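Enquirer: Before anything else, here's the structure in question.
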Amino acid sequence: MSLGEYTMFLLVVVFVSVSLMSDVGLTETFVHSSYVAAVYEHNLILNPEPRVPQTRSAALQHMQKNLDIYEEQAARAAQQGAQILVFPEDGLQGFNFSRSSISGYLETIPDPQQESWNPCTEHGKYNNTEVLQRLSCMARRYNLYMVANMADLQPCALKTDPSSSCPPDGHWQFNTNVVFSSDGLLVARYHKNNLYFEESFDTPPQPEMITFDTPFAGRIGLIICFDILFHDPTVALVEQGVRQLIFPTAWMNQLPLLDSIQFQQAFSLGANVTLLAANLRNDQMIMTGSGIYTPFSATYHHAQKGDPEEGKLLVARVPVLDPLWVGQSVATEEVVVRVESTSSTATDSEFCHKESCLDSPPTETPSSVPPSSSTFISSMMYDPFTFVLLKETEGEVNVCNGTFCCHLQYQQIPQGGSKELYALGAFAGTHTVNGRCALQVCALVRCAGLDVSSCGQEVEEAESKMDFQLEGKFGTRSVYPSILASKFVLEQPEHLETAADGRVTMKHSNMTAGLVTACLYGRMYHLDHE
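Structure (structure tokens):
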């Protein structure tokens, strides 16, 4: 979006969104305060033998190659007016290390909450901090706030306190975000709380909730990859009023519900936050998908099959969402976003308080409609969803998984001559593969084939467009809405609303491409460990 387009968009928001001002307690200051953010999807140079220990010299030589690319992108971001630049998780060293083989890549990162240190101007203060020094000087050279991810080594009290949780080798190894101010000062350090098959790293003894302040956007919170699926620290930050999150990730895409950009946008909409998401680009690991998301807009990139395997810099102007920075009160948890689509990348937006923004009350709740006949069970994302087929080109169906029910009104608009099968699925339970997540999910999906057994399988393309209203009655306020169209195109829902009784409704029409998935992804965080 150009600056001129963005200014026009802001004027539209001021004109049509009176409820945004009154419900949330925001003023025109909110609308007219903005900054330029950049994220870089990095095609990293990998260590071909990550299980073989490297000397410090060899590890540095490897990381400098990736830092050279970071330097190029920092210069490009600065030329485009960026004030903050985010690089992805594992972007310097890569992944698949053992605890011992990553040793050459580790640097001891001081805690900015305990001491002030500028690695660029005070480079002699600590040994073996070459990466920190180069990142600091990069931020300083290009006048950028800069976020990178690296490997941190922290000593712990194994010898003095054998009963502590200190690892047997006497030190912690953490997957870590570091943040530098535009003058190179190290201003934040965050250790990843939710690891995903990362034997080289430790889980911190206590979850960390780390934020930092900027002169252009106020307070910003830090999370990493798998963190986004859990309460701590991600939702805990949001509950404390943090409305802007930085999200370095090495996300392996999982259709049909957890593609990278699909869930990035879903979280931004569902949590009502800005999310600056930087992913890796690695075709072998199915890693791609980065973006700059707000409740009003989405600027994103997702590589397609056959695209050159290369990096991608995204730059966008976004509104400041920190209510404390603009001198306003923090919005309550009961405020949710309703979106009125204006284009594929930007939307006007209103916030709905309980039932105040309902166009008209629904005649029936999902639980009052009997389940449609001919339901079947099929696995989706390793979970046993209950499905019902959409047998007509338009109609109304309902499906229940236990006592949790989903309701759909739809009109299918076939394109071309191919026949496509769609199904509405419901799941309420605990996902237990590669982590425990208690879920309530309503999902309208295109099946991979014309047999019911293909419903829930991965699908990337679709021809049939769909006008629909999808709703469910959830036992959580943490519901993340998404609409994924053919070839990884995101669509902003025309209308989202949450009622006081937990009913969530998503309406959409006039799709730009065929529907792959429309989903309401509810997270029951309080049940994860039951």
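Using mature numbering (1 follows the signal peptide of the UniProt record, and there is no 0), the letters of the sequence shown map in sequence onto residues -29 to -1, 1 to 501. Think of the CB as a built atom: it goes at the ideal place given N, C-alpha and C, for glycine as much as any other residue. These numbers were taken from a predicted model, which means no experiment stands behind them.
1) Exposed or buried, what is PRO186 when buried is set at 16 or more other beta-carbons lying within 10 Å of its beta-carbon?
2) Can you give the Cα-Cα distance for HIS378 and GLN411, rounded to whole angstroms?
3) Can you give the Cα-Cα distance for VAL7 and ASN224, rounded to whole angstroms?
4) Which residue from GLN236, ASP438, ASN148 puts its Cα closest to that of GLU365?
5) For the candidate residues PRO204, GLN255, ALA399, SER171, whose alpha-carbon lies nearest to that of ILE181?
6) May I ask you to list the residues that DSSP assigns as paired with PRO126?
7) Could you tell me the alpha carbon to alpha carbon distance between SER5 and GLU434, rounded to whole angstroms?
8) Could you check where the alpha helix (DSSP H) with GLN233 kicks off and where it finishes?
9) Using 10 angstroms around the beta-carbon of TYR353, count the other beta-carbons present and answer buried if the total reaches 16, otherwise exposed.
10) Return the CA-CA distance between PHE183 and GLY189, expressed in angstroms with no decimal places.
11) Using three-state DSSP, classify ARG41 as helix, strand or coil.
12) Restricting to Cα atoms, I'd like to know which of HIS402, ARG112, SER449, LEU360 is closest to ASP422.
13) Determine, using beta carbons only, whether ARG160 and ASP82 come nearer to each other than 8 Å.
14) Taking only the alpha-carbon atoms, compute the straight-line gap between GLN104 and GLU210 and give it to the nearest angstrom.
15) Reducing DSSP to helix, strand and coil, say where ILE199 ends up.
16) Buried or exposed: which applies to PRO139, given that a residue is buried once 16 or more other Cβ atoms fall within 10 Å of its Cβ?
17) If you count every other CB in all the chains shown that lies within 10 Å of the CB of ALA128, and 16 or more means buried, which is it?
18) Kindly indicate the opening and closing residues of the alpha helix (DSSP H) around VAL370.
19) Is it buried or exposed, VAL(-12), if we count other Cβ atoms within 10 angstroms and call 16 or more buried?
20) Which residues bound the alpha helix (DSSP H) around GLN104?
21) Could you check what DSSP says for SER4 in three-state terms: helix, strand or coil?
22) Could you tell me the distance, in whole angstroms, from the CA atom of VAL404 to the CA atom of SER231?
23) As a quick exercise: from SER425, ALA456, GLU462, ASP472, pick the residue whose alpha carbon is nearest that of GLY443.
24) What residue range does the alpha helix (DSSP H) around VAL209 cover?
25) Using the C-alpha atoms, what's the distance from VAL213 back to TRP296?
26) Would you check if the distance between the CB atom of ALA30 and the CB atom of GLY75 is smaller than 8 Å?
27) Can you tell me the Cβ-Cβ gap for ILE217 and VAL118, rounded? I've got them flagged as a contact below 8 Å.
28) Measuring CB to CB, does TYR451 end up less than 8 Å from GLY155?
29) Verify whether the separation of the beta carbon atoms of ILE80 and VAL149 is less than 8 Å.
30) Using the DSSP secondary-structure output, state which residues sit across from CYS376 in a beta bridge.
31) Between the Cα of TYR271 and the Cα atoms of HIS466, TYR492, THR469, VAL460, which residue gives the shortest distance?
32) Have a look at LEU63 and ASN481 and give me their C-alpha separation to the nearest angstrom.
33) What's the gap between the Cα of LYS163 and the Cα of ALA207?
34) Considering only the beta carbon of each residue, do PRO290 and PHE58 sit closer than 8 Å?
35) DSSP has THR396 in a bridge; who is on the other side?
36) What span of residues does the beta strand (DSSP E) with GLN463 cover, start to end?
Expert: The relevant details are as follows:
1) For the purposes of this step, residue 186 is taken as residue 215 along the sequence shown, with counting starting at 1. Answer is exposed; the Cβ neighbour count stays below 16.
2) Counting from one through the sequence shown, the residue named residue 378 turns up at place 407. Counting from one through the sequence shown, the residue named residue 411 turns up at place 440. Roughly 13 Å between the two C-alpha positions.
3) One-based indexing of the sequence shown puts residue 7 at position 36. One-based indexing of the sequence shown puts residue 224 at position 253. Roughly 27 Å separates the two Cα atoms.
4) Taking the sequence shown and counting its residues from 1, one reaches residue 365 at position 394. Taking only the C-alpha atoms, the option nearest GLU365 is ASP438.
5) Residue mapping note: residue 181 aligns to position 210 of the sequence shown, counting from 1. It is PRO204.
6) Counting from one through the sequence shown, the residue named residue 126 turns up at place 155. For PRO126, which the question treats as bridged, DSSP gives the partners HIS142.
7) Along the sequence shown, read from residue 1 onward, the residue named residue 5 stands at position 34. Along the sequence shown, read from residue 1 onward, the residue named residue 434 stands at position 463. Approximately 38 Å between the Cα atoms of the pair.
8) Within the sequence shown, the letter at position 262 stands for residue 233. It spans 231 to 242 - the alpha helix (DSSP H) in which GLN233 sits, taken as one unbroken run.
9) Within the sequence shown, the letter at position 382 stands for residue 353. The residue in question, TYR353, is exposed, as its Cβ has fewer than 16 Cβ neighbours within 10 Å.
10) As a working note, residue 183 is residue 212 in the sequence shown. As a working note, residue 189 is residue 218 in the sequence shown. The alpha-carbon atoms of PHE183 and GLY189 are separated by roughly 8 Å.
11) As a working note, residue 41 is residue 70 in the sequence shown. Note that residue 41 corresponds to Tyr in the displayed sequence, not to Arg. If DSSP states are grouped into helix, strand and coil, TYR41 belongs with the helices.
12) On the sequence shown, position 451 is the one that residue 422 refers to. Ranking HIS402, ARG112, SER449, LEU360 by Cα distance to ASP422 puts LEU360 first.
13) One-based indexing of the sequence shown puts residue 160 at position 189. One-based indexing of the sequence shown puts residue 82 at position 111. Result yes, Cβ atoms of ARG160 and ASP82 sit closer than 8 Å.
14) The sequence position of residue 104 within the sequence shown is 133, counting from 1. The sequence position of residue 210 within the sequence shown is 239, counting from 1. Distance between the alpha carbons of GLN104 and GLU210: 34 Å.
15) Your numbering for residue 199 matches position 228 in the sequence shown. Of the three classes helix, strand and coil, the one that applies to ILE199 here is helix, per DSSP.
16) In the sequence shown, counting from the first residue as 1, residue 139 sits at position 168. Its Cβ having fewer than 16 others within 10 Å, PRO139 is exposed.
17) The sequence position of residue 128 within the sequence shown is 157, counting from 1. When all chains shown are included, ALA128 counts as exposed.
18) Sequence index remark: in the sequence shown, residue 370 carries index 399 (1-based). Here VAL370 belongs to no alpha helix (DSSP H); instead the beta strand (DSSP E) covers 365 to 372.
19) In the sequence shown, residue -12 corresponds to position 18, counting from 1. In this prediction, VAL(-12) has a pLDDT of 24, which is less than 50 and means its spatial position is unreliable; nothing more can be read from the coordinates.
20) Counting from 1 along the sequence shown, the entry for residue 104 is found at position 133. First-last of the alpha helix (DSSP H) with GLN104: 101 to 112.
21) Stepping through the sequence shown from its first residue, residue 4 is reached at position 33. It is coil, neither helix nor strand.
22) As a working note, residue 404 is residue 433 in the sequence shown. As a working note, residue 231 is residue 260 in the sequence shown. Distance between the alpha carbons of VAL404 and SER231 is about 18 Å.
23) In the sequence shown, counting from the first residue as 1, residue 443 sits at position 472. For GLY443, the nearest C-alpha among the options comes from ASP472.
24) The residue you call residue 209 lines up with position 238 of the sequence shown. Start and end: 207 to 210.
25) For the purposes of this step, residue 296 is identified with residue 325 of the sequence shown, where counting begins at 1. For the purposes of this step, residue 213 is identified with residue 242 of the sequence shown, where counting begins at 1. If you take the alpha carbons of TRP296 and VAL213, they lie about 11 Å apart.
26) Numbered from 1 along the sequence shown, position 59 holds the residue referred to as residue 30. Numbered from 1 along the sequence shown, position 104 holds the residue referred to as residue 75. Their beta carbons are under 8 Å apart, which means ALA30 touches GLY75 by this criterion.
27) Residue mapping note: residue 217 aligns to position 246 of the sequence shown, counting from 1. Residue mapping note: residue 118 aligns to position 147 of the sequence shown, counting from 1. Right, the Cβ-Cβ distance comes to about 5 Å (below 8 Å), so this counts as a contact.
28) Mapped onto the sequence shown, residue 451 falls at position 480. Mapped onto the sequence shown, residue 155 falls at position 184. It is not a contact, given that the beta carbons lie outside the stated cut-off.
29) The residue you call residue 80 lines up with position 109 of the sequence shown. The residue you call residue 149 lines up with position 178 of the sequence shown. Their beta carbons are under 8 Å apart, which means ILE80 touches VAL149 by this criterion.
30) Residue 376 sits at position 405 when you count from the first residue of the sequence shown. Looking at the DSSP assignment, CYS376 forms a beta bridge with CYS371.
31) Stepping through the sequence shown from its first residue, residue 271 is reached at position 300. The shortest Cα separation from TYR271 among HIS466, TYR492, THR469, VAL460 belongs to VAL460.
32) Along the sequence shown, one-based indexing puts residue 63 at 92. Along the sequence shown, one-based indexing puts residue 481 at 510. Their Cα atoms are separated by approximately 42 Å.
33) Position 192 of the sequence shown, counted from the start, is the residue given in the question as residue 163. Position 236 of the sequence shown, counted from the start, is the residue given in the question as residue 207. When rounded, the distance between both Cα atoms is 14 Å.
34) Residue 290 sits at position 319 when you count from the first residue of the sequence shown. Residue 58 sits at position 87 when you count from the first residue of the sequence shown. Cβ distance not < 8 Å, so PRO290 and PHE58 don't count as in contact.
35) Mapped onto the sequence shown, residue 396 falls at position 425. The sequence shown places Gly at residue 396, rather than the Thr named in the question. Bridge partners of GLY396: PHE358, ALA414.
36) If you number the sequence shown from 1, residue 463 lands on position 492. No beta strand (DSSP E) contains GLN463, which DSSP labels as neither H nor E.
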